[in-house]
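Count along the sequence shown from 1, then add 3; that gives the number in this note's numbering. We put the CB at the ideal spot given by N, CA and C, even for glycine. Worksheet for the structure shown next.
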Amino acid sequence: MTRTYGSTEENPGERFRDSQFLVFMNRILALTVAGIYCSLTKQPRHGAPMYKYSFASLSNILSSWCQYEALKFISFPTQVLAKASKVIPVMLMGKLVSHKSYEYWEYLTAVLISVGVSMFLLSNGGGHRPSGVTTFSGVVILSGYIVFDSFTSNWQDSLFKYKMSSIQMMFGVNLFSCLFTVGSLLEQGALVESIHFMVRHSDFAFHAALLSVCSAFGQLFIFYTINKFGAAVFTIIMTLRQALAILLSCLIYGHPITAVGSVGVAVVFLALFLRVYARGRMRKKGKKAADSPAVQKV
Numbered sequence: 004m005t006r007t008y009g010s011t012e013e014n015p016g017e018r019f020r021d022s023q024f025l026v027f028m029n030r031i032l033a034l035t036v037a038g039i040y041c042s043l044t045k046q047p048r049h050g051a052p053m054y055k056y057s058f059a060s061l062s063n064i065l066s067s068w069c070q071y072e073a074l075k076f077i078s079f080p081t082q083v084l085a086k087a088s089k090v091i092p093v094m095l096m097g098k099l100v101s102h103k104s105y106e107y108w109e110y111l112t113a114v115l116i117s118v119g120v121s122m123f124l125l126s127n128g129g130g131h132r133p134s135g136v137t138t139f140s141g142v143v144i145l146s147g148y149i150v151f152d153s154f155t156s157n158w159q160d161s162l163f164k165y166k167m168s169s170i171q172m173m174f175g176v177n178l179f180s181c182l183f184t185v186g187s188l189l190e191q192g193a194l195v196e197s198i199h200f201m202v203r204h205s206d207f208a209f210h211a212a213l214l215s216v217c218s219a220f221g222q223l224f225i226f227y228t229i230n231k232f233g234a235a236v237f238t239i240i241m242t243l244r245q246a247l248a249i250l251l252s253c254l255i256y257g258h259p260i261t262a263v264g265s266v267g268v269a270v271v272f273l274a275l276f277l278r279v280y281a282r283g284r285m286r287k288k289g290k291k292a293a294d295s296p297a298v299q300k301v
């Protein structure tokens, strides 16, 4: 979205502007991978109504579109803060969609993780690219990304009550995603234009294909994690992944870590320790309650 293709001394080149086509490329490859896997392996009996996949598909398309589109209107620090702070919106959406209840320590550690990751990313990542300008429209689009993304993971989490496999979920969601996106692209006349752009610029075709492959295989791990651990834990893992990637880069290539970044890392580890400690206490209490004999009233 921000790269110029076909630039020469005489030609300034052109940029690809259609976020929706990138979403379609990601989804069609993911659908193909899931379809091939389902046809080659034995899957559980499908029990979920097909129309329920459409809700997750539509919100997933909208979140992906907002994510790509927001890159044009927001600065780097704003992107970091938004992505690092998704844990709380996901937990709140879980209460709305699935009526889930969270302990106070889960909210506390989620806030600490968001603050710690934001401190680390902003202190160590802001100098590698220009910040740009954040506009009001960019904030609105970014807010849409957070809302739609929070709904998507929680709705998918609720669909797993039908005892389906992660691959079946991947196939159902991407099936509707392809139908929605190709219909919109055809209606706007953008599908043919995007294909022509891909034909003109082979490096763009390679980048789009690479993005789609990474997205497809990433979905395999996404659906498995949501199925096993839930939407909130998945979001925490994805938030920590951003910080871990930069931390490893600093360690491998010798980039210095600022004092603020070090404090951010310490806050994240403190939050993780509190989560493990609190969860262990909860399990011990539950085990004691289960092992204690029932008191009979006379």
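**Message:** Applying the 10 Å Cβ sphere with the 16-neighbour rule, what's the burial state of phenylalanine 276?
**Reply:** With fewer than 16 neighbouring CB atoms inside 10 Å of its own CB, phenylalanine 276 falls in the exposed class.
**Asked** DSSP on threonine 261, reduced to helix/strand/coil?
**Response** Assignment of threonine 261 by DSSP, reduced to helix, strand and coil, places it in the coil class.
**Message:** Using CA atoms only, rank isn't needed, just tell me which of Tyr56, Val195, Gln191 is closest to methionine 172.
**Reply:** Minimum Cα-Cα distance from methionine 172 among the listed residues Tyr56, Val195, Gln191 corresponds to Tyr56.
**Request:** Round the Cβ separation of alanine 234 and leucine 162 to the nearest angstrom and send it over; I've been treating them as touching at under 8 Å.
**Result:** For a cut-off of 8 Å, the C-beta gap from alanine 234 to leucine 162 is around 11 Å, too long to register as a contact.
**Straight-line gap, arginine 6 to serine 66 (C-alpha atoms, nearest Å)** = If you take the alpha carbons of arginine 6 and serine 66, they lie about 22 Å apart.
**Asked** When burial is assigned at 16 or more other CB atoms within 10 Å of the CB, is histidine 102 buried or exposed?
**Response** Burial call: exposed.
**Message:** Within the continuous alpha helix (DSSP H) that includes arginine 203, where are the two ends?
**Reply:** Its alpha helix (DSSP H) spans residues 193 to 203.
**Message:** How far does the alpha helix (DSSP H) with serine 101 in it extend, from its first residue to its last?
**Reply:** Going by DSSP, serine 101 is part of the alpha helix (DSSP H) stretching over 90 to 101.
**Asked** Is alanine 59 buried or exposed, if buried means 16 or more other CB atoms sit within 10 Å of its CB?
**Response** Burial call: buried.
**Message:** My assumption, with CB atoms under 8 Å, is that alanine 87 sits in contact with leucine 124. Please give the rounded CB distance.
**Reply:** Contact between alanine 87 and leucine 124 holds: their C-beta atoms lie close to 6 Å from each other, under 8 Å.
**Asked** Counting Cβ pairs closer than 8 Å, one from the region 153 to 160 and one from the region 82 to 100, do we hit at least three?
**Response** Yes, they touch.
**Request:** Please go through the same chain and pick out, in chain order, the residues whose beta-carbon is closer than 7 Å to the beta-carbon of alanine 85, but skip the five residues on each side of it.
**Result:** If we look at alanine 85 and ignore the five residues flanking it on each side, its Cβ neighbours are Leu145, Ile149.
**Asked** Considering only residues of the same chain and omitting the five flanking positions on each side of serine 168, which have a CB-CB separation below 6 Å?
**Response** The answer, listed in chain order, is Gln46, Pro47.
**Request:** Could you check which residue in Tyr8, Met28, Asp160 has the C-alpha nearest to that of alanine 231?
**Result:** A small fix is needed here, since residue 231 is lysine in this sequence, not alanine. Comparing Cα-Cα distances from lysine 231 to each of Tyr8, Met28, Asp160, the minimum goes to Asp160.
**Asked** Which runs of the alpha helix (DSSP H), 4 residues or longer, sit entirely within the region 214 to 243?
**Response** Qualifying alpha helix (DSSP H) stretches: none in this window.
**methionine 53 versus alanine 37 - alpha carbon distance** = The straight-line gap from Cα to Cα measures roughly 16 Å.
**Asked** Could you give the distance in angstroms between the alpha-carbon of serine 218 and the alpha-carbon of alanine 292?
**Response** Those two C-alpha atoms are separated by around 44 Å.
**Asked** Taking the alpha helix (DSSP H) that alanine 24 falls in, what are its first and last residues?
**Response** According to the sequence as given, residue 24 is phenylalanine; it is not alanine. Following the DSSP letters along the chain, one finds phenylalanine 24 inside the alpha helix (DSSP H) bounded by residues 22 to 43.
**Request:** Let me know if methionine 285 comes out buried or exposed under the rule of 16 or more other beta-carbons within 10 Å of its beta-carbon.
**Result:** Counting C-beta atoms within 10 angstroms of its own C-beta, methionine 285 has fewer than 16 neighbours from the protein chains shown and is therefore classed as exposed.
**Request:** Could you please give the first and the last residue of the uninterrupted alpha helix (DSSP H) stretch that includes phenylalanine 154?
**Result:** 139 to 162 is the span of the alpha helix (DSSP H), which, as asked, contains phenylalanine 154.
**Request:** Could you tell me whether the Cβ of lysine 231 comes closer than 7 Å to any Cβ of chain B?
**Result:** Absent here is chain B; the protein component of the structure consists of one chain.
**Request:** Apply the 10 Å Cβ neighbour rule to glutamine 191 and answer buried if 16 or more other Cβ atoms are within range, or exposed otherwise.
**Result:** By the 10 Å Cβ count, glutamine 191 comes out exposed.
**Message:** Please list the terminal residues of the continuous alpha helix (DSSP H) segment that includes isoleucine 55.
**Reply:** Looking at the sequence itself, residue 55 is lysine, so the reference to isoleucine does not match. Lysine 55 -> alpha helix (DSSP H) spans 54 to 73.
**Request:** Give the single residue among Val185, Ser140, His210 whose Cα lies nearest to the Cα of serine 78.
**Result:** When the alpha-carbon of serine 78 is set against those of Val185, Ser140, His210, the nearest one is in Ser140.
**Prompt:** For glutamate 190, which of helix, strand or coil comes out of DSSP?
**Reply:** Glutamate 190: helix per DSSP, three-state reduction.
**Asked** Is it right to say valine 90 is buried, meaning 16 or more other beta carbons lie within 10 angstroms of its own, or is it exposed?
**Response** So valine 90 counts as buried.
**Item:** Span separating the alpha-carbon of leucine 223 from that of serine 180
**Value:** Whole-angstrom Cα-Cα distance: 16 Å.
**Item:** Which of helix, strand or coil DSSP assigns to glutamate 109
**Value:** It is helical.
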